[in-house]
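Chemist:
In the UniProt record's numbering, the protein residues as written are 1 to 741.
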């Protein structure tokens, strides 16, 4: 028994596995990310596991999409084999004197890859059955597609390396045969020592046909000869990785064509393959010079960035970044000029005209006014918001939008609300008949995550070279552009407009006014984007006699960037700036001096309530005189209080990270708390003329909340639709019905 255990321990597969954990740990990080992603433990709230377990290609989860992912994973595994083959050359010199040494190395290096494949299939079958609700035959088709792509990658790779092996053996075969004959002759007359000093002991290895073989003694070969053979394989390996890099460049260059929009999981995995290969190539060619060269490259790239030779930063499409001498100064003085009394009064009169236009369209002297707030939360919030607005339109007999003056919110919720407003406008123009079609909900619930990750790898990191124009202004195609194009495609192109296209319709009160908010990262001020200047929203409404006047905590986009053609901004860009979730979408820089950038509105006000309350407070005199009631409709992607999901440390590590993650996990609760105070003060000022009605996404099961992501599974879509029927939401629908009578 001991003999077999020793033989197992000192077999090449086991020794290679142990060697991976002893050296070059950085390469194992990629395996960790893959294992953690597939299991749902890496970026779980953002639905990263769906990219691998239910990949989409041409808007469908199909055998073709899984085939592309399988092919990419095959490339990754071969890159792993190539790199470790290069790095561990000195430990496996005996393979140099065998036929097809790389194939034999792959067979013996298969412990981690085979474990991953088994792990992947287990999770994929479970996910597709329980989350995507696929039947047995559909799941088998997906597995078949994956295996087909994976096997194809192996066939191509091994065919390439077999060709390299044949060429190498043709050149050095006579030397190997002659040396082996000398070895056999010498072995008969004297005892030969081992293979020299190595970090591993190998008693057995697996042949290409999985048979057990003892390693050959190679001391009778010169070091130069063995190095020459291995370097030939190394060169062939580098060429293979160069081909992978060209593949990613090609995908990025042509990714506007849907055929080249490969599943994000495939792009990510091929990128990992390149990173692993780069590590191997650097080790092969630079050796001890690796770190100095990397530092030099970093310094060079940083200098090019500082000199604006390369600029990977994202911009707001439609805004003028070319007139650098006319950029507004981002300073206290310039911002204070915006809130000069004459400017506030000017903007107030414009909005009073809009309010009066809204009132003239009502059927009562003192009508009910709706103001809609919607929370952030990715595609789940976008879908839930659209579902709620569709239901409200239905139960009120189409009276929801005519009674609504303002739509405001954050992130995903504004995607759904803006889409619904556009549908309402299309209906007014006679282009569509009804707003309650289930097709609209399906449109907004479509995947947005796949093109984001795919573009991030193939464009942002590998090849950010292609440009596009919006009204003669040139911008770089990156994942921000990919997001807008996919959202535009999902919504059938009806949102492909600019701010100026909505100016007259909002002014006439044909459609509700929309505020698109985002947060300036420099100082956490809010950027408020609208078709008309609204500088009265830049600071809290306060009694300047009894309290000191506060500096503005918000910036009015339209007036601040009046020299940058602000109304030329794409509405898709305004929506994206409102929903710029950290890392998922790129921060958007603005043409100011100094340059500032913005990100997700939810970091400042995830429920859109602060800006709405400020608006109501500023126009409270008009609202009291001209409306019977102001109703704040709040659409939330989470429950008030949210007792079901407390922040609970569950490990020793979590106790260490708790101080850092405390704010992150409770940020939306903190917003709820202080906004509740604001709401109470306003309610006291209005009395019975103010009412708040909330609609909340309440998942059927506590642990089955839809992911905070730009991707929804089949079960999550069903859960979001079922949330309409919850007791609290049904009560809220009834409240609105009573108010509209």
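A virtual CB, placed ideally from N, CA and C, is assigned to each residue, including glycine.
None of these values were measured; they are calculated from a predicted model.
Mapping the DSSP letters down to three states, classify residue 527 as helix, strand or coil.
Modeler: The answer is strand: DSSP assigns residue 527 an E or B state.
Chemist: Under 8 Å Cβ to Cβ from residue 190, same chain only, skipping five residues before and after it: list those, please.
Modeler: Since pLDDT at residue 190 reaches only 46, below the 50 mark, its modelled position is unreliable, and the value read off the structure follows with that caveat. Correct list: empty, nothing qualifies.
Chemist: In angstroms with no decimal places, state the Cα-to-Cα distance between residue 722 and residue 710.
Modeler: Each residue's alpha carbon lies about 20 Å from the other.
Chemist: CB residue 518 to CB residue 575, shorter than 8 Å?
Modeler: No, these two residues do not count as a Cβ contact at 8 Å.
Chemist: Assuming residue 27 and residue 410 make a contact with CB atoms under 8 Å, what is their CB distance in whole Å?
Modeler: At roughly 40 Å, the Cβ-Cβ gap does not stay under 8 Å, so residue 27 and residue 410 are not in contact.
Chemist: Taking only runs of the alpha helix (DSSP H) that begin and end inside the stretch 585-623, which ones reach a length of at least 4 residues, in chain order?
Modeler: Those alpha helix (DSSP H) runs which fall completely within the stretch 585-623 and span 4+ residues are 602-605, 609-618.
Chemist: To which residues of the same chain is residue 11 closer than 6 Å at the C-beta, ignoring the five residues directly before and after it?
Modeler: So the list reads 204, once near-sequence residues are dropped.
Chemist: Taking only the alpha-carbon atoms, compute the straight-line gap between residue 259 and residue 58 and give it to the nearest angstrom.
Modeler: Rounded to whole angstroms, residue 259 to residue 58 spans 7 Å at the Cα level.
Chemist: Of the choices 691, 73, 426, 606, whose alpha-carbon is the least far from that of residue 492?
Modeler: Comparing Cα-Cα distances from residue 492 to each of 691, 73, 426, 606, the minimum goes to 426.
Chemist: Alpha carbon to alpha carbon, how far is residue 601 from residue 138? Give it in angstroms, no decimals.
Modeler: Going by the C-alpha atoms only, they are around 40 Å apart.
Chemist: To the nearest angstrom, report how far apart residue 19 and residue 63 are at their CA atoms.
Modeler: Each residue's alpha carbon lies about 37 Å from the other.
Chemist: Can you list, in chain order, the residues of its chain with a C-beta nearer than 8 Å to that of residue 39? Leave out the 5 residues immediately preceding and following it.
Modeler: Cβ neighbours of residue 39 beyond the five flanking positions: 49, 119, 123.
Chemist: Assess, as a yes-or-no matter, whether the stretch 554-571 is touched by the stretch 525-535 under the definition of 3 or more beta carbon pairs within less than 8 Å.
Modeler: Output reads yes: the stretch 554-571 touches the stretch 525-535.
Chemist: Can you tell me where the beta strand (DSSP E) with residue 555 in it begins and where it stops?
Modeler: From DSSP, the beta strand (DSSP E) with residue 555 extends over 554-556.
Chemist: Answer with buried or exposed for residue 196, where buried requires no fewer than 16 other C-beta atoms within 10 angstroms of its C-beta.
Modeler: With a pLDDT of 49 at residue 196, under the threshold of 50, the modelled position of that residue is not reliable, and the figure given next carries that caveat. Its Cβ having fewer than 16 others within 10 Å, residue 196 is exposed.
Chemist: Assign residue 506 to one of two classes, buried (16 or more other C-beta atoms within 10 Å of its C-beta) or exposed (fewer than that).
Modeler: Buried: at least 16 other Cβ atoms inside 10 Å.
Chemist: Would you mind stating whether residue 686 and residue 631 have Cβ atoms separated by less than 8 Å?
Modeler: Cβ distance not < 8 Å, so residue 686 and residue 631 don't count as in contact.
Chemist: Since residue 357 is in the alpha helix (DSSP H), which residue starts that stretch and which ends it?
Modeler: Where residue 357 is concerned, the enclosing alpha helix (DSSP H) stretches over 341-360.
Chemist: Just to confirm before moving on: does the CB-CB distance between residue 740 and residue 396 stay below 8 Å?
Modeler: For residue 740 and residue 396, yes; Cβs fall inside 8 Å.
Chemist: For a test of the three-state rule: what should DSSP assign to residue 538, helix, strand or coil?
Modeler: Looking at residue 538 - three-state DSSP - the assignment turns out to be coil, as it is neither helix nor strand.
Chemist: Between residue 481 and residue 104, what straight-line distance do the alpha-carbon atoms span, to the nearest angstrom?
Modeler: C-alpha separation (whole angstroms): 45 Å.
Chemist: What would DSSP say about residue 471, mapped onto helix, strand or coil?
Modeler: Coil.
Chemist: Buried or exposed: which applies to residue 681, given that a residue is buried once 16 or more other Cβ atoms fall within 10 Å of its Cβ?
Modeler: Result: exposed.
Chemist: Answer yes or no: do residue 148 and residue 78 have a C-beta to C-beta separation smaller than 8 Å?
Modeler: Going by C-beta atoms, residue 148 is not nearer than 8 Å to residue 78.
Chemist: Just tell me which of 264, 610, 270, 257 has its CA closest to the CA of residue 246.
Modeler: The shortest Cα separation from residue 246 among 264, 610, 270, 257 belongs to 270.
Chemist: Report yes or no: do three or more beta-carbon pairs, one from the stretch 474-489 and one from the stretch 310-320, lie closer than 8 Å?
Modeler: Short answer: they touch.
Chemist: Report the three-state DSSP secondary structure of residue 687 (helix, strand or coil).
Modeler: Helix, per DSSP.
Chemist: Taking the beta carbon of residue 414 as the centre, do at least 16 other beta carbons fall within 10 Å, making it buried, or is it exposed?
Modeler: Its Cβ being crowded by 16 or more others within 10 Å, residue 414 is buried.
Chemist: Is it right to say residue 417 is buried, meaning 16 or more other beta carbons lie within 10 angstroms of its own, or is it exposed?
Modeler: Buried: at least 16 other Cβ atoms inside 10 Å.
Chemist: Is residue 349 buried or exposed, if buried means 16 or more other CB atoms sit within 10 Å of its CB?
Modeler: It counts as exposed.
Chemist: Suppose contacts are defined by Cβ-Cβ distances below 8 Å. Is residue 332 in contact with residue 592 by that definition?
Modeler: The answer is no: Cβ separation not under 8 Å.
Chemist: If the criterion is Cβ atoms closer than 8 Å, does the pair residue 498 and residue 431 meet it?
Modeler: For residue 498 and residue 431, no; Cβs fall outside 8 Å.
Chemist: Which residues mark the beginning and the end of the beta strand (DSSP E) in which residue 513 is found?
Modeler: It spans 513-520 - the beta strand (DSSP E) in which residue 513 sits, taken as one unbroken run.
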